[in-house]
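Student: Using full-length UniProt numbering, read the sequence shown as starting at 1 and increasing by one per residue. Ideal Cβ placement from N, Cα and C applies to all residues, glycine included. Remember, it's a predicted structure, so these values are computed and weren't measured experimentally.
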Amino acid sequence: CASCHSPDHAYGPPNALDVQPGGLAMTQQGYRPPPSLMYLYRQPNFSIGPDAGENDAAPSVAQQAASAAGVVKAQKVAGTSAAPQLVPQGGMFWDGRADTLQQQAFGPLLNPVEMANASIDDVAHKLAQSSHRTQLEQLFGARVFDSPQLAVSEAMFAIARYQVEDPSFHPYDSKYDRWLEGRARLSQAELRGLRLFNDPDKANCAGCHLSKPGKDGLPPMFTDYQYEALGAPRNKELAQNRNPAFYDLGVCGPFRDDLKDQTQYCAMFLTPTLRNSATRHVFFHNGVFHTLDQVMAFYNERSISPQKFYSRGADGKVDEYDDIPPKYRANVDVTDAPFDRKAGDKPAMTAQDIKDIEAFLGTLNDEPVRH
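#1: Considering only the beta carbon of each residue, do MET156 and ALA105 sit closer than 8 Å?
#2: What is the residue span of the alpha helix (DSSP H) that TRP179 lies within?
#3: Between LEU101 and ILE159, what straight-line distance do the alpha-carbon atoms span, to the nearest angstrom?
#4: Short of 6 Å in beta carbon distance, which residues of its chain neighbour ALA116, apart from the five on each side in sequence? Order them along the chain.
#5: Bridge partners of TYR227, per DSSP?
#6: Count the other C-beta atoms from every protein chain shown that fall within 10 angstroms of the C-beta of GLU367, then say buried if there are 16 or more, exposed otherwise.
#7: Beta-carbon within less than 8 Å of LEU139's beta-carbon, same chain only, minus the 5 sequence neighbours each way: which residues are those?
#8: Since LEU196 contacts ASP353 with CB under 8 Å, what's their CB separation in whole angstroms?
#9: Taking Cβ positions, are ASP323 and ALA232 nearer each other than 8 Å?
#10: So what does DSSP say about VAL318, is it helix, strand or coil?
#11: So what does DSSP say about ALA58, is it helix, strand or coil?
#12: Determine the contact status of SER47 and GLN103, defining contact as a CB-CB distance below 8 Å.
#13: Check whether the Cβ of LYS212 lies closer than 8 Å to any Cβ atom in chain B.
#14: Drop a sphere of 10 angstroms on the beta-carbon of ALA52, count the other beta-carbons inside from all chains shown, and report buried for 16 or more, exposed for fewer.
#15: Candidates PRO338, LEU274, LYS215, PRO21: which alpha carbon is nearest SER305's?
#16: Report the rounded CA-to-CA distance for residue 424 versus GLY316, giving the unit in angstroms.
#17: When you compare only the Cα positions, how much space is there between PRO34 and GLY91?
#18: Distance check for ILE357 and THR350, CA to CA, integer angstroms please.
#19: If I measure Cβ to Cβ from VAL332 and keep anything under 6 Å in the same chain, skipping five residues before and after, which residues do I get?
#20: Under 8 Å by Cβ, that's how I've got ALA16 and SER36 pegged, so tell me the actual separation to the nearest angstrom.
#21: Give, in chain order, every unbroken run of the alpha helix (DSSP H) that is at least 4 residues long and sits entirely within the segment 77-122.
#22: Rounded to whole angstroms, how far is the Cβ of GLN28 from the Cβ of PRO108, which I believe are closer than 8 Å?
#23: Compare the Cα-Cα distances from CYS208 to each of ASP216, LYS215, PHE222, TRP179 and report the closest residue.
#24: Are ASP18 and GLU237 closer than 8 Å when you measure CB to CB?
#25: Would you mind reading off the limits of the alpha helix (DSSP H) that contains ARG192?
#26: Enumerate in chain order the residues of its own chain whose CB-to-CB distance from VAL295 is below 8 Å, with the five nearest sequence positions on each side excluded.
#27: Can you tell me whether ALA359 is buried or exposed? The criterion is at least 16 other CB atoms within 10 Å of its CB, across all chains shown.
#28: Where does GLU301 land, buried or exposed, given buried means 16+ other C-beta within 10 angstroms?
#29: With a threshold of 16 other CB atoms inside 10 Å of the CB of GLY250, please say whether the residue is buried or exposed.
#30: Identify every residue that forms a DSSP beta bridge with SER47.
#31: Enumerated in chain order, which unbroken segments of the alpha helix (DSSP H) with a length of 4 residues or greater are wholly contained in the segment 123-182?
#32: Report the rounded CA-to-CA distance for PRO244 versus TRP94, giving the unit in angstroms.
#33: Tell me the rounded alpha-carbon separation between ASP261 and PHE298.
#34: What's the call for ASP56, buried or exposed, on a 16-neighbour Cβ count within 10 Å?
#35: Using only CA atoms, which one of PHE255, ASP173, ASP340 lies nearest to PRO220?
#36: List the residues that DSSP assigns as beta-bridge partners of HIS289.
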């Protein structure tokens, strides 16, 4: 796991590659950059819309999605409570297809461009031959390897418990956490950045990346766990994108198919936490950006200067949202600041504003993992 989720890099990718290599010979290119594994113990299960009432029979995800069709998406404004709305939220991976850390750990095992095991039996055989066998038998019973499915399931459960119980996955020791507790002072640049982060007319970051402790008193996760279609530019360096007909549609596929008919969600991806984001060197679901400067420029100028980010079609016109099929481009967020501006408008943020926001993002870095 650590080859893609390095403990020395906030349990995220250890390099600036768009995606990580994998496969049997480690020559295959992955599909998406690995998210950080930090703070996932608080990630809610995937759902659509408000939680079911205490006595309600929980509808299926497909039923929830169908009932949400046609509902106007509420505008997100920093500093206000998230409006009740029927939108995808929660889950793990960029598309939310796993609900638990145990399910998430299963994902890479059989993926041909990741660990590339042939089958669960193959994984169980490797575990049985490894130095972990004795420990697994002590934990889960002497006959755990009688069932390959059980053996692998218990091993993935152990990985999940490790991520829950080891404090290095959720230390809450960033400068911002200490500031919230009154144990640190933010610099003037960091304070300006925090104000801009929370300003609904400027960066409006907190509209999705919630920055205040919740009603439960727990530190903020800097995500609302919801899904957005932001229209990141197509990454021409990815192997799958050599096929002009291929599109990564997030919630709609290709790695989950239960919502493929709910086209109002096509091209939506999970809003990640911004904790430790300043330590990363690859951003967005397709790894198209590699610095916070690039990310901030995209947020600031996507709507007013699209030619800076998107390719041009055969007619010479800018092909806005070129990594989304035209029929789904109406799903892209054009209502939340700073994406609510039009071509030729003044940017929401100045160059100094962006520097200050990046200074604030640096306060979300946890102390390095101590081995």
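Tutor: Considering the structure as presented:
#1: yes
#2: 175-180
#3: 8 Å
#4: GLY23, LEU24
#5: LEU270
#6: exposed
#7: GLU154, ALA158
#8: 5 Å
#9: yes
#10: Strand.
#11: Note that ALA58 has pLDDT 47, beneath the 50 cutoff, so the model's placement of it is unreliable and no number is given.
#12: no
#13: In summary, chain B is missing from the structure at hand, where a single protein chain is found.
#14: Any reading at ALA52 is ruled out, since the residue's pLDDT is 41, under 50, leaving its predicted position unreliable.
#15: PRO338
#16: Shown here, the chain extends from 1 to 371; a query on residue 424 therefore has no answer.
#17: 15 Å
#18: 11 Å
#19: Annotation for VAL332: ALA229, GLY231, TYR321 place their beta carbon closer than 6 Å to its own, counting only its chain and skipping 5 residues before and after.
#20: Wrong, their Cβ atoms sit about 15 Å apart, outside the cutoff.
#21: 101-110
#22: Not quite, the Cβ-Cβ distance comes to about 12 Å (not below 8 Å), so this is no contact.
#23: PHE222
#24: yes
#25: Per DSSP, ARG192 belongs to the alpha helix (DSSP H) from 188-198.
#26: PHE283, PHE284, PHE289
#27: buried
#28: Residue environment analysis places GLU301 among the buried positions, since at least 16 neighbouring C-beta atoms fall within 10 angstroms of its C-beta.
#29: buried
#30: GLN89
#31: 133-140, 148-165, 175-180
#32: 22 Å
#33: Take the alpha-carbon of ASP261 and the one of PHE298: they are about 30 Å apart.
#34: Its pLDDT being 44, under 50, ASP56 is placed unreliably by the model, and nothing is read from it.
#35: Nearest to PRO220 by C-alpha distance, out of PHE255, ASP173, ASP340, is ASP173.
#36: It is Phe, not His, that sits at residue 289 in the sequence shown. According to DSSP, PHE289 bridges with PHE283.
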